[in-house]
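Novice:
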Amino acid sequence: MFKAIFTVGSLLLPCIVVAKGIGVTASSNDVVDAQLFSVDLNLNRVVYYHGSLGENVAVKNNQAYPMLVQSMVFDEDKKSPAPFITTPPLFRLDGSQTSRIRIVRTGGEFPQDREKLQWLCVKGIPPQSEDKWAEGTITKNSSFTVQFSVNNCIKVFVRPDTIKGHPEDFADKVTWSKKGTTVLEANNPTPFYLNIKELNIGGRSIKSPNYIPPFGKQSFSIPGSSVGKIQWRIVTDYGGDSKIYQSEGK
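Structural data, given as structure tokens:
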């Protein structure tokens, strides 16, 4: 059997193929199997206050066998390391078991008047002990298993202690204006990232970007000649859906 391990997203590790054995290739007669490996997290976002001593995220391995769990915190670009550590950064998690990762800030300068977005990325990796590399000679009837190790990334909002309330308390402050006939611009006057869950104008649904940054703007492409009330819903601090807000727009 021949197994290849691919990393999807290239957030924690570069995209690689790991295989023991040299010069092994698949022919048109080979049977190719694909497996995805990931772990589940109990949260879809973390609010990390400046004064926090650390925040915990539960991680579960839904497979029937053990996997390695690797985690790291990145800056908003999902590439640059953020001033946080995760403990443990790499550990074995047995099948159908749950453990936790603790996120701890190690430094860094963050704004005092608004949130800053970081990303916690967690990857499940099938352990090498499960791999039976190159069992004998590869034949034309060999079975190939392609393994995709997938990053599960969630938002980490680094929030000053002086900011009170929650995004859903202020989401109605967003103002909207049309720029021509095909662009709708949102202006967020709050210190929170507003993660748009649903957006429509005149009853017509609009494809949403991930969020409107604090004290920032975001543009949405809209169908031509869209008119009417603008309605939106955001994701709350607890990962749920907010109430519906609405505006006449400008």
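Under my numbering, think of the first position of the sequence shown as 176, with each following residue one higher. Built from N, CA and C at the ideal position, the CB exists for glycine as well.
Within 8 Å (strictly less), CB to CB, does residue 250 reach chain B?
Specialist: Here chain B cannot be found, since the structure has a single protein chain.
Novice: Between the C-alpha atoms of residue 354 and residue 234, what's the straight-line distance to the nearest angstrom?
Specialist: 44 Å
Novice: Can you give the Cα-Cα distance for residue 314 and residue 241, rounded to whole angstroms?
Specialist: Model confidence at residue 314 stands at a pLDDT of 42, short of 50, so the residue's coordinates are unreliable and nothing is read from them.
Novice: In whole angstroms, what separates the C-alpha of residue 249 from that of residue 336?
Specialist: 21 Å
Novice: Our contact map puts residue 329 next to residue 245 with C-beta atoms below 8 Å; I'd like the distance itself, whole angstroms only.
Specialist: A Cβ-Cβ separation of about 15 Å leaves residue 329 out of contact with residue 245 under the 8 Å criterion.
Novice: Which residues mark the beginning and the end of the alpha helix (DSSP H) in which residue 395 is found?
Specialist: Boundaries for residue 395: no alpha helix (DSSP H) harbours it, while the beta strand (DSSP E) harbouring it runs 392 to 396, taken from the DSSP string.
Novice: Give the DSSP-derived three-state secondary structure of residue 382 in the structure shown.
Specialist: Reduced to three states, the DSSP call for residue 382 is coil.
Novice: Would the beta-carbon of residue 366 fall within 8 Å of that of residue 269?
Specialist: no
Novice: In the DSSP output, which residue or residues are listed as bridge partners for residue 216?
Specialist: 234
Novice: Going by CA-CA distance only, name the one from 258, 273 and 294 that's closest to residue 284.
Specialist: 258
Novice: Tell whether a beta-carbon distance below 8 Å holds between residue 386 and residue 362.
Specialist: no
Novice: Rounded to the nearest angstrom, how far is the Cβ of residue 125 from that of residue 327, given a contact under 8 Å?
Specialist: Given a span of 176 to 425 for the chain in the structure shown, any question on residue 125 remains unanswerable.
Novice: Rounded to whole angstroms, what is the Cα-Cα separation between residue 239 and residue 324?
Specialist: 16 Å
Novice: Per the DSSP calculation, residue 223 is bridged to which residue(s)?
Specialist: When DSSP reads this structure, residue 223 sits in a beta bridge with 333.
Novice: So is residue 291 buried or exposed if we call it buried at 16+ other beta carbons inside 10 Å?
Specialist: buried
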